[in-house]
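Engineer: Going left to right, the sequence shown walks through residues 1 to 417 as my numbering numbers them.
All residues carry an ideal CB built from backbone N, CA and C; glycine is no exception.
No experiment lies behind these values; they were computed from the predicted model shown.
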Amino acid sequence: MKRLLSILLSAALLAGCADLRLLPGGPSPAPSAAPEATEAPARVLAVWDEGGALSQALALYAGEQGVQVEQAADAASAALAVSAVQPAADSALDLSQQGELVQGMAGALTGGQEGCFGLPLAGSTYGYLADRARLTALLGAEFDPADLQKASASEWQDFTGALDGWLAKPAETAVTLNGKEYTLPAEKPAELAATEAVFTVAADDRFTGPVLAPVLGTCYKTAEEAAAGGRTDAELTGALNSLWTLLTNEAGSLAGAGENGAAPDRAGAREAFAGGKALFYRASASEAALTGLAAEDTVVVPLKFTFDDTDLHGGFSLEELSQPVVSSGGWVCIPAGADESQRTEACAFLLWLYASETGRQLMGGSETPEGLPDLSAALSAETLEAIDAAGDELAALTQFTTAGRRAFTGAVLAALP
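(1) According to DSSP, residue 282 sits in a beta bridge with which residue or residues?
(2) Have a look at residue 118 and residue 140 and give me their C-alpha separation to the nearest angstrom.
(3) Whose C-beta lies closer than 6 Å to the C-beta of residue 67 among residues of the same chain, with five residues either side of it excluded?
(4) Given a threshold of 16 other Cβ atoms within 10 Å of its Cβ, counted over all protein chains shown, does residue 406 qualify as buried or as exposed?
(5) Let's test the definition: count the other Cβ atoms within 10 Å of the Cβ of residue 359 and tell me whether it reaches 16, buried, or not, exposed.
(6) I'd like the list of long-range same chain contacts for residue 55, defined as Cβ closer than 8 Å, with 5 residues on each side in sequence excluded.
(7) What does the alpha-carbon distance come out to for the pair residue 391 and residue 159?
(8) Determine the direct distance from the alpha carbon of residue 110 to that of residue 95, and round the result to whole angstroms.
(9) Looking at the secondary structure, which residues open and close the beta strand (DSSP E) in which residue 68 lies?
(10) Beta-carbon separation of residue 362 and residue 93 under 8 Å?
(11) With residue 172 and residue 137 assumed to form a contact (beta carbons below 8 Å), what rounded beta-carbon distance in angstroms separates them?
(12) Applying the 10 Å Cβ sphere with the 16-neighbour rule, what's the burial state of residue 76?
(13) Quick one: grab the DSSP three-state call for residue 242.
(14) What residue range does the alpha helix (DSSP H) around residue 225 cover?
(15) For residue 85, which of helix, strand or coil comes out of DSSP?
(16) Verify whether the separation of the beta carbon atoms of residue 184 and residue 175 is less than 8 Å.
(17) If we call anything under 8 Å between Cβ atoms a contact, is residue 331 one with residue 120?
(18) List the endpoints of the continuous beta strand (DSSP E) containing residue 211.
(19) Jot down the residue ranges of each uninterrupted beta strand (DSSP E) in the region 288-336, minimum 3 residues, whole runs only, in chain order.
(20) Alpha carbon to alpha carbon, how far is residue 226 from residue 240? Give it in angstroms, no decimals.
(21) What residues are listed by DSSP as bridge partners for residue 177?
(22) Using three-state DSSP, classify residue 372 as helix, strand or coil.
(23) If you run the structure through DSSP and keep just helix, strand and coil, what is residue 119?
(24) Anyone know if the C-beta pair for residue 202 and residue 283 falls short of 8 Å?
(25) Provide the residue span of the beta strand (DSSP E) that contains residue 45, from first to last.
(26) Quick check on the burial criterion: 16 or more other C-beta atoms within 10 angstroms. Buried or exposed for residue 214?
(27) If I measure Cβ to Cβ from residue 289 and keep anything under 6 Å in the same chain, skipping five residues before and after, which residues do I get?
(28) Measure the C-alpha to C-alpha separation of residue 319 and residue 309 and round it to an integer number of angstroms.
(29) Could you check how far apart the C-beta atoms of residue 388 and residue 207 are, in whole angstroms? I think they sit under 8 Å.
(30) Go ahead and pull the three-state DSSP assignment for residue 254.
(31) For the alpha helix (DSSP H) containing residue 404, name the first residue and the last one.
(32) Under 8 Å between the Cβ atoms of residue 335 and residue 133?
(33) Would DSSP call residue 396 helix, strand or coil?
(34) Buried or exposed, going by whether 16 or more other CB atoms sit within 10 Å of the CB of residue 440?
(35) Between the alpha carbons of residue 303 and residue 270, how many angstroms are there, rounded?
(36) Alpha carbon to alpha carbon, how far is residue 381 from residue 416?
And the structure:
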């Protein structure tokens with residue numbers, strides 16, 4: 001399938017987007033005379049994507065292809081729409097009827113099934129992203145990424161605490177990861193010359209979304225169960241105390257933080273990570289491409305929580321909770337009401353997303369990685385906003401006290417079903 005998609009993209013690039021006949025029909029007649037030189041109209045792609053599943057891909061596509069991406073007022077008026085469920089035949093165009101290139105791509109992705117009204121967006125792992133080369137420079141040539149990924153929560157806390165002190169004053173320091181001893185070097189290696197903090201995380205990601213998945217996983221097995229609720233405050237409190245520990249651990253050494261500990265926006269977090277200011281970036285693994293890091297150079301470390309057996313109440317096991325979170329991408333389609341020019345732009349984007357190496361690395365394909373599902377996916381917007389507000393109160397604290405922890409966990413408990 002990958003070979004077929006590469007061939008499709010090559011054909012598209014050779015043809016040139018402006019001349020691609022993505023819609024059904026015969027070849028355009030050759031002009032009788034050379035047309036007068038005119039300025040090409042701006043290319044615009046109107047998108048309806050409330051959940052932001054395509055936000056990273058669209059940003060990269062706009063920069064690479066010179067396309068202006070606009071937010072549509074609703075799905076019906078968009079050239080491209082994203083939904084959590086597979087689109088119905090009466091709400092979306094059949095992609096298998098949108099020209100040979102798109103037809104071939106749709107067939108390759110769906111196994112040649114008849115009628116294709118939407119394409120799946122693959123899930124992406126979420127955790128701490130790190131550059132393998134920087135970690136090797138820090139921990140030595142014998143560094144094994146699996147030791148960092150499998151390190152216990154206590155080992156992780158000791159390691160990140162030692163790293164924070166080492167950044168302030170480098171000195172040989174022994175650390176243990178997955179039971180194996182490593183030594184932080186006596187001096188900063190050149191690869192870490194710009195590193196000033198252990199973590200960076202965008203404000204939009206700091207308190208909600210996938211970071212809640214392991215917490216909810218102590219009590220629930222599916223997002224729907226988590227949305228329905230039913231667990232007592234006592235059953236959830238232990239896991240929320242672990243969430244407090246994770247968040248305050250990040251806050252203690254955060255690159256790009258503004259006044260009152262405010263985290264940067266996504267652009268600022270990406271910049272901090274790409275520029276080497278932070279060693280770990282909490283984000284989706286697909287963001288690595290936006291920071292200039294290739295997939296093979298990226299290490300994804302699961303979020304580390306201090307759970308124990310007393311926190312488990314019918315959810316996942318401790319081993320399962322130590323896996324990266326996997327967020328579902330949903331489905332992307334061309335709404336049935338899209339006009340010809342909208343269809344052309346939407347098809348061009350879909351070809352880039354699923355057939356180009358950049359697009360496939362970032363978001364394309366239909367394979368879902370293994371890991372813990374995003375159990376926050378079915379929580380209401382009101383619940384997530386309330387939890388985010390509780391997180392803002394946490395960020396404003398100058399000291400992380402027991403009273404602050406109780407206030408934070410109490411606010412989250414009040415917001416959860």
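Structural biologist: The short version:
(1) For residue 282, which the question treats as bridged, DSSP gives the partners 128, 201.
(2) Looking at the two C-alpha atoms, the distance is approximately 47 Å.
(3) 43, 45
(4) exposed
(5) buried
(6) Sequence-distant partners of residue 55 (beyond 5 residues in either direction) whose C-beta falls short of 8 Å from its own C-beta, in its chain, are 49.
(7) 25 Å
(8) 11 Å
(9) 68-71
(10) no
(11) In fact, because the Cβ distance is near 15 Å, the residues do not count as touching under 8 Å.
(12) Counting C-beta atoms within 10 angstroms of its own C-beta, residue 76 has fewer than 16 neighbours from the protein chains shown and is therefore classed as exposed.
(13) helix
(14) It spans 223-228 - the alpha helix (DSSP H) in which residue 225 sits, taken as one unbroken run.
(15) coil
(16) Going by beta carbons, residue 184 and residue 175 fall inside the 8 Å limit.
(17) yes
(18) Premise fails: residue 211 is in no beta strand (DSSP E) and is neither H nor E.
(19) 298-301, 325-327, 331-333
(20) 14 Å
(21) 180
(22) Correct three-state label for residue 372: strand.
(23) strand
(24) yes
(25) 44-48
(26) Per the 10 Å Cβ criterion, buried.
(27) Taking residue 289 as the centre and dropping the five residues before and after it, the same chain places the C-beta of 361, 362 closer than 6 Å to its C-beta, in chain order.
(28) Taking the straight line joining both Cα atoms gives about 11 Å.
(29) 5 Å
(30) Strand, per DSSP.
(31) Here the alpha helix (DSSP H) through residue 404 covers 402-415.
(32) no
(33) Residue 396: coil per DSSP, three-state reduction.
(34) No answer is possible for residue 440: it lies beyond the span of the chain, which begins at 1 and ends at 417.
(35) Cα-Cα distance, rounded: 18 Å.
(36) 11 Å
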